[in-house]
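First to last, the sequence lines map onto chains A and B.
Following the numbering used here, the numbering of the first sequence begins with -1 at its first residue and continues without gaps.
Following the numbering used here, the numbering of the second sequence begins with 4 at its first residue and continues without gaps.
For every residue, glycine included, the Cβ atom is placed at its ideal position computed from N, Cα and C.
Keep in mind the model is a prediction, meaning the values are calculated, not measured.
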Amino acid sequence: MTSNSNRFLRPCGPTVYGPEPLVQLDGTLKQCLEIGRTRLLAASLVFMAAFLVIGLRLIDLSLLQEIKEPRLAAVSRTTALESVRADIVDRNGIVLATTLPTASLYANPRQVLDSPGVAARLATILPGLSEAELLAKLGSDRAFVWLKRKLTPRQQYEVNRLGVPGLYFQHEPDRVYPHGALTSHIVGFANVDNQGLAGIENAFEAKLRGSTEPLQLSLDLRVQHILADELGAAMAEFNAIGAAGLVLDAETGEVVAMASLPSFDPSRPATQSDTARFNRASLGVYEMGSVFKIFSTAQALDQGVVGLRDGYDVSQPIKVARYTITDFKPKNRWLSIPEIFIYSSNIGTVHMAMESGTRAQQAFLGELGLTRAARIELPEVGEPMLPSPWREINTMTISYGHGLAVSPLQVAGAVAAVVNGGELRPTTLLKHDTRKRLIGHRVLSQRASRQMRWLMRLSVQDGTGRLADAPGYLVGGKTGTADKLNGRRYAKGARIASFAGAFPMDQPRYVVFAMLDEPKGNKSTHGYATGGWIAAPVVRGVIERMAPLLGIEPRQADETESVERHLIPVNHKGPVLAAN
Amino acid sequence: MNKLAALVWLAAVAIGALGLYHVKYEVQRLEEELELEHQSILKYQEAIHILKAEWSYLNQPARIADLSKRHLGLAPLTAKQVVQFDELPMRRRQASGNLPGSTLKAQVAGAPRSTP
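Structure (structure tokens):
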């Protein structure tokens, strides 16, 4: 009975038969119980796993991810600086080109209520626009009309203060050049849509666009100013039509300054004349005159055709075909190689060049990079003008710088190679990364380079380049004067006066080049318009002003040990120097 | 006993809910504040950018040269103004044979009188 009643009370529970077996299950009941248990277990396992995942995620979110900064506001960055273009800075980080937000004014004429009144008031704020013009724009029944692009902040404020409905501002980025005409040939300019059209702006278009990392140039703004200032002064004094100059780091090939005058305002390039926009330093090619004697002499010394003790009789002019090659100031006697160089004797230089020959000259000038366009990061690069075919007569004239037109940049690069120990490095407008090794290409033996340094120093000490001598800085260099080609003939009185120099000559740091286009001599130069009278003083001025800025120590005891001395017969001072 | 536990739990849940509510709104407020701060950072960044351009403009070498000429009376350094240490003249010896610097008076007497 009990068992029966028990059974009724607990249908699935254990059936108890007496005291011994507490639990006894038969087939179906046991199965039923087992299924229930496993289901319960499975379900609880699933829930446990779910809660575990949620718990872990909570810990992860609240404790582990907290290190991260919360969302930056960059997301909400829809302001004017949206379309970025990287700044261009000089080697000291001074901004040369930057992008600033400006406001442009447009109107919805349908919303403008009192258009004659608004036009009258706007005309007083916006000086470039007449009242009639504005009224025509505001009176149209379009929904959008530009009134003026790129307002000044003051104009924007004034327009805002009018409080006229229907006038709106569109924020636009505008390219600004704080140093204007001083760097315009190098930095170049961008158009109204901020696309680079010239100079670095054009050459590095892809790199500048969309980047915020400023592009650092090798330019030093202070030196650039000094160079442009000195060239400008000389240009005014001698009534020249143009001028160009370069300061190059002799070791690295970096362009520290590059000026071309007349210059232009990069914020309004369209209104400028083509002559002003023309970069004479890299795009213009000129016959350089006697500056080329640096290369002719270097070639002869390097190839061992002549030694410093040799010389030539320069009393006889050289007659080739219908040309006669003479000297500017004939000495009419035997001259040693140093004398030929410092007195700039054409005849002597031609003799030197002819001994090594046309082929050798072509190869050597090619090595120096004078027969192909200069390597520089500017789109405005001039192709040199080579004689074709390159005859013997060309070899003769090229040896003293006529018949081969090259850009000032090429000359400066080649002079750097001659004085820095004989390694040509590509000229560059980007600041040299000091961690990187310099790659150079040997074009001249160290010995020939040393000899050339000494010759160039001598030319400034005692030769045609005397006016370039900045005391204490051991300036060396070579003057050049070339008649300009006018069609197929050389024009008398239209000259290129140039000077290529370097300093200090015992360990050249900088190459300085100056060139004036069509200068006219005046009283202070005794009527001469030659490189020695016109361009050499420019170089002297540049060096005297830039050397203290760049930390080059002047030396009082000028010559004693610094420049290597040779036992060379230099007759102009008698035996004194010769025995030194 | 069971009732007490339930009450405690209920109170805990209520406090938890209240706390959560509080924290949620606090976070929201802070995020708004953060957003404002970021906006002002952007504004200042833009202002700095513009000021940098203006600074560069004001530092035009020609302008600085002109200002210095008008107000300072400075001129470019010439090579003559730089003297190397080796070129400095030796200090004059005292006639009495005192070691230099033995007395303050001797030191003063030994010092060069005129500046170069």
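Could you name the residues that DSSP lists as bridge partners for residue i?
{"i": "A:PHE167", "result": "A:LEU103"}
{"i": "A:ILE316", "result": "A:ILE323"}
{"i": "A:ILE494", "result": "A:ALA480 and A:ASP515"}
{"i": "A:ARG83", "result": "A:ARG207"}
{"i": "A:ALA130", "result": "None, per the DSSP bridge assignment."}
{"i": "A:TRP144", "result": "A:TYR104"}
{"i": "A:TRP332", "result": "A:ASP311"}
{"i": "A:ASP172", "result": "A:LEU98"}
{"i": "A:ILE426", "result": "According to the sequence as given, residue 426 of chain A is Thr; it is not Ile. Paired residues: A:GLU252."}
{"i": "A:VAL581", "result": "A question about residue 581 of chain A goes unanswered here, because the residues of chain A that appear run from -1 up to 578."}
{"i": "A:ASP403", "result": "Sequence check: residue 403 of chain A is Ala here, not Asp. DSSP lists A:GLU285 and A:MET383 as partners of A:ALA403."}
What separation, rounded to the nearest whole angstrom, lies between the Cα atoms of residue i and residue j?
{"i": "A:SER42", "j": "A:GLY34", "result": "12 Å"}
{"i": "B:VAL11", "j": "B:ARG32", "result": "32 Å"}
{"i": "A:LEU422", "j": "A:LYS205", "result": "27 Å"}
{"i": "A:VAL458", "j": "B:ALA68", "result": "29 Å"}
{"i": "B:ALA17", "j": "B:HIS41", "result": "36 Å"}
{"i": "A:THR523", "j": "A:ARG373", "result": "36 Å"}
{"i": "A:ILE335", "j": "A:VAL82", "result": "59 Å"}
{"i": "A:MET286", "j": "A:SER294", "result": "13 Å"}
{"i": "B:LEU1", "j": "A:ALA371", "result": "The question about residue 1 of chain B has no answer here: the residues shown for chain B are numbered 4 through 119."}
{"i": "A:GLY419", "j": "A:LEU246", "result": "15 Å"}
{"i": "A:HIS430", "j": "A:PRO212", "result": "15 Å"}
{"i": "A:LYS490", "j": "A:SER258", "result": "24 Å"}
{"i": "A:ILE123", "j": "A:GLN153", "result": "6 Å"}
{"i": "B:ALA14", "j": "B:LYS46", "result": "48 Å"}
{"i": "A:PHE339", "j": "A:ALA238", "result": "27 Å"}
{"i": "A:GLY240", "j": "A:LEU456", "result": "29 Å"}
{"i": "A:LEU428", "j": "A:ASP85", "result": "14 Å"}
{"i": "A:VAL162", "j": "A:VAL253", "result": "53 Å"}
{"i": "A:ILE437", "j": "A:HIS169", "result": "46 Å"}
{"i": "A:ALA234", "j": "A:ALA179", "result": "17 Å"}
{"i": "A:THR250", "j": "A:GLU131", "result": "56 Å"}
{"i": "A:TRP388", "j": "A:SER288", "result": "19 Å"}
{"i": "A:ASP515", "j": "B:VAL85", "result": "36 Å"}
{"i": "B:GLY19", "j": "B:TYR28", "result": "14 Å"}
{"i": "A:SER343", "j": "A:THR395", "result": "12 Å"}
For chain C, is any of its Cβ atoms less than 9 Å away from the one on residue i?
{"i": "B:LYS83", "result": "No chain C appears in this structure, whose protein chains are A and B."}
Using a Cβ-Cβ cut-off of 7 Å (strictly less than) and excluding sequence neighbours within five positions of residue i, which residues of its own chain qualify?
{"i": "A:SER313", "result": "ASN330 and ARG331"}
{"i": "B:GLY22", "result": "none"}
{"i": "A:ALA534", "result": "GLY463, LEU465, ALA466, THR477 and PHE497"}
{"i": "A:GLU129", "result": "ALA117, ALA118 and ALA121"}
{"i": "A:LEU442", "result": "ALA296, ASP300, ALA415, VAL416 and GLY420"}
{"i": "A:TYR321", "result": "ILE391"}
{"i": "A:ARG207", "result": "ARG83"}
{"i": "A:GLY346", "result": "TYR310, VAL312, LEU333 and ILE338"}
Please return the same chain residues whose Cβ sits closer than 6 Å to the Cβ of residue i, not counting the five positions on each side in sequence.
{"i": "A:VAL537", "result": "ALA466, PHE497, GLY499, VAL510 and ALA512"}
{"i": "A:LEU284", "result": "Per the sequence presented here, residue 284 of chain A reads as Tyr, with Leu not at that position. Taken in chain order, the residues that qualify are ALA403 and ILE494."}
{"i": "A:PHE276", "result": "none"}
{"i": "B:LEU77", "result": "SER71"}
{"i": "A:ALA242", "result": "SER258, ARG278, ALA279, PRO406 and MET513"}
{"i": "A:ALA545", "result": "TYR471"}
Please check the pair residue i and residue j, which I expect to be a contact at CB under 8 Å, by giving their CB distance rounded to whole angstroms.
{"i": "A:LYS476", "j": "A:LYS327", "result": "Rounded, the Cβ-Cβ distance is 15 Å, inconsistent with contact."}
{"i": "A:VAL379", "j": "A:SER280", "result": "6 Å"}
{"i": "A:ALA298", "j": "A:SER354", "result": "6 Å"}
{"i": "A:ILE224", "j": "A:ARG448", "result": "That belief does not hold up - the Cβ atoms of A:ILE224 and A:ARG448 are roughly 29 Å apart, past 8 Å."}
{"i": "A:MET503", "j": "A:GLY539", "result": "Their Cβ separation, rounded to whole angstroms, is 18 Å, which puts A:MET503 and A:GLY539 out of contact at 8 Å."}
Can you name, in chain order, every residue of its own chain whose Cβ lies under 8 Å from the Cβ of residue i, other than the five neighbours on each side?
{"i": "A:PHE187", "result": "ARG173, TYR175, GLY194, LEU195, ALA196, GLY197, GLU199, PRO264, SER265 and PRO267"}
{"i": "B:ILE81", "result": "Looking at the sequence provided, one finds Thr at residue 81 of chain B rather than Ile. Result list for B:THR81: empty, nothing under 8 Å."}
{"i": "A:PRO107", "result": "SER113, LYS135, LEU136, GLY137, SER138, ASP139, ARG140, ALA141, VAL143 and GLY164"}
{"i": "A:SER386", "result": "none"}
{"i": "A:LEU368", "result": "PHE293, PRO382, LEU402, VAL404, GLN408, VAL409 and ALA412"}
{"i": "A:LEU217", "result": "ASP88, ARG89, LEU94, THR181, ILE184, VAL253, VAL254, ALA255, MET256 and LEU427"}
{"i": "A:GLU230", "result": "Correcting the residue type first, residue 230 of chain A is Gly in the shown sequence and not Glu. Once the five neighbours on either side are set aside, the close Cβ partners of A:GLY230 are ALA241 and LEU259."}
{"i": "B:ALA8", "result": "none"}
Check whether the Cβ of residue i sits closer than 8 Å to any heavy atom of the ligand SAH, and report yes or no.
{"i": "B:LEU54", "result": "Looking for the ligand SAH in the displayed structure turns up nothing, as the structure carries no ligands at all."}
Exercise. Taking any Cβ of chain B, which residues in the region 222 to 251 of chain A have a Cβ under 7 Å from it, in chain order?
Worked result: If you check each beta-carbon in the region 222 to 251 of chain A against every beta-carbon of chain B, the ones closer than 7 Å belong to HIS223.
Problem set entry | Residues of the region 436 to 470 of chain A whose Cβ lies closer than 8 Å to any Cβ of chain B, in chain order | Under the 8 Å Cβ criterion, the region 436 to 470 of chain A contributes ALA468, PRO469 and GLY470.
Exercise. Taking a cut of 8 Å between CB atoms, which residues from the region 13 to 36 of chain B lie near chain A?
Worked result: GLU34
For this session: Check each residue of the region 135 to 163 of chain A: if its Cβ is closer than 7 Å to any Cβ of chain B, include it; give the result in chain order.
Result: none
Exercise. Which of the residues in the region 184 to 215 of chain A, read from start to end, lie with their CB under 8 Å from any CB of chain B?
Worked result: none
Problem set entry | Within 8 Å of chain B by C-beta, residues of the region 85 to 112 of chain A in sequence order | Considering only beta carbons, the part of the region 85 to 112 of chain A lying closer than 8 Å to chain B consists of ILE92, VAL93, LEU94, THR96, LEU98 and PRO99, in chain order.
Problem set entry | Selection of the region 65 to 80 of chain B by Cβ proximity to chain A, strictly under 8 Å | ALA65, ALA68, PRO79 and LEU80
For this session: Please list the residues of the region 537 to 550 of chain A that have a C-beta atom closer than 9 Å to any C-beta atom in chain B, keeping them in chain order.
Result: GLU542, ARG543, ALA545, PRO546 and LEU547
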